[in-house]
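Q: Take the sequence shown: its letters are residues 16 to 328, numbered as in the working numbering.
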Amino acid sequence: MEEKIKHFSQLFRELEAEIGTQDLADLLLQALVVSIKAFKADDKSSFCDQFNDLVKIISNTEPRFGILIYCFFKLRKEFQNGYFQKLPEKKWKRVILKRVKEILKEFRQEIKKLVENSDEIDVDGKTILIHDNSRTVRNVLAHYKKMGKKFKVVIAEQDYDKTHNNIERMHKLGVPFQVIPSYMLSHIHDNIDMVFFGGLTLKDTMNFVMNPGTHGIISEFLVEGTPVYMFINTTKFSLWKARKKVDVFMHKHKRAHHTKEIQYERVKYSHDRVPHTMFEKIITNRGVFTPDELKKFFDKMMKKYSYDEVKEG
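1. Within 10 angstroms of the Cβ of Pro-78, are there 16 or more other Cβ atoms? Answer buried if so, exposed if not.
2. Spell out the partners DSSP gives Met-225 in its beta bridges.
3. Identify every run of the alpha helix (DSSP H) within the region 69-152, keeping only runs that are complete inside it and at least 4 residues long; order them along the chain.
4. On the CB-based measure, 16 or more other CB atoms within 10 Å of its CB, does Asp-38 come out buried or exposed?
5. Considering only their Cβ atoms, is the gap separating Val-138 from Val-330 smaller than 8 Å?
6. Check Phe-211 in the structure and name its three-state DSSP category.
7. Look up Ile-297 in the DSSP assignment and say whether it is helix, strand or coil.
8. Excluding the five sequence neighbours on either side, which residues of its own chain have a C-beta within less than 8 Å of the C-beta of Asn-222, listed in chain order?
9. Report, in whole angstroms, the separation of the C-beta atoms of Leu-156 and Leu-188, which I expect to be a contact under 8 Å.
10. Mind checking whether Val-194 and Ile-203 have CB atoms under 8 Å apart?
11. Measuring only the C-alpha atoms, how far is Gly-214 from Pro-103?
12. Classify Asp-58 as buried or exposed, calling it buried when 16 or more other Cβ atoms lie within 10 Å of its own Cβ.
13. Pairs of beta-carbons, one from the region 267-274 and one from the region 224-241, closer than 8 Å: are there three or more?
14. Quick one: Cα of Asp-41 to Cα of Lys-92, how far?
15. If you draw a straight line from the alpha carbon of Leu-26 to that of Lys-106, how long is it in whole angstroms?
16. Between which two residues does the alpha helix (DSSP H) carrying Met-316 extend?
17. Give the straight-line distance between the Cα atoms of Ser-285 and Lys-21, rounded to the nearest whole angstrom.
18. Out of Val-48, Asn-75, Leu-30 and Phe-66, state which residue places its alpha-carbon closest to the alpha-carbon of Ile-12.
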């Protein structure tokens, strides 16, 4: 099991970095549909045993992905109820497929609702800075463009692939944009009206887990008094108690100086942690929140959905 968790952790991190958290969840749910259709055994108890193993893996990846835990715990709860257990062997697979497809539909509707809620932000005539490879942010910008809003985008250059994903999307939308290295943003502070970010999850510590480099950019623009907005689906929230202060994946490398006989340890983290108080507003599928309002809403969700068996540490 431990090796499987390591394998899935690496796979999820790579996919999340390439396609974003929402697409990762969508991809896994679609893969689950294909797997169920291909599942040969008629015994539903055999399927449930294997599905429970998958849930254990998803619950222990580094980092943990709140949106995956939300979706797969929701499915497992369905499979554990009395109605499902009483289904005849020839019918249970159809019921499972139907429920997975319903969750996929619900998930996509929640994304649509978040985009609709983004209308509360006035972007007409504004210049917006983006940085991370967030499908949510790009969907919001596409929505603004469709609604006839006039705005410009500055892309803070970072990882090559992520930056070019943003470039391709802005070009396809027909949105005027510029690209500036993320370490040179001080030259354009006066040109930026607002900053948009997406996030991997929100922890019970009220820290957003975000792309590397985001904390520095957010801090930079907060000093300038520029409003920073977070766009995140509430299904991404990590609804369990975190016991570790550092709740992202850390990897240590042994390195050598390129010309000198010097050995050193290099530490790399998969994501940044950003306090929720650093954002002007947090736009979600359940509404638009100030930081204080978000804390109250998160606490209510924790009481309602808390995944007690998922523990950090």
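Note that beta-carbon positions come from the ideal geometry of N, C-alpha and C, so glycine has one too.
A: Taking the coordinates as given:
1. buried
2. Asp-287
3. 81-95, 97-100 and 107-132
4. exposed
5. The structure shown does not extend to residue 330, since the chain is modelled only from 16 to 328, so the question has no answer here.
6. strand
7. strand
8. Asp-262, Arg-288, Val-289, Pro-290 and His-291
9. 7 Å
10. no
11. 42 Å
12. exposed
13. no
14. 19 Å
15. 33 Å
16. 306-320
17. 14 Å
18. Coverage of the chain is limited to positions 16 through 328, which leaves residue 12 absent and any answer about it impossible.
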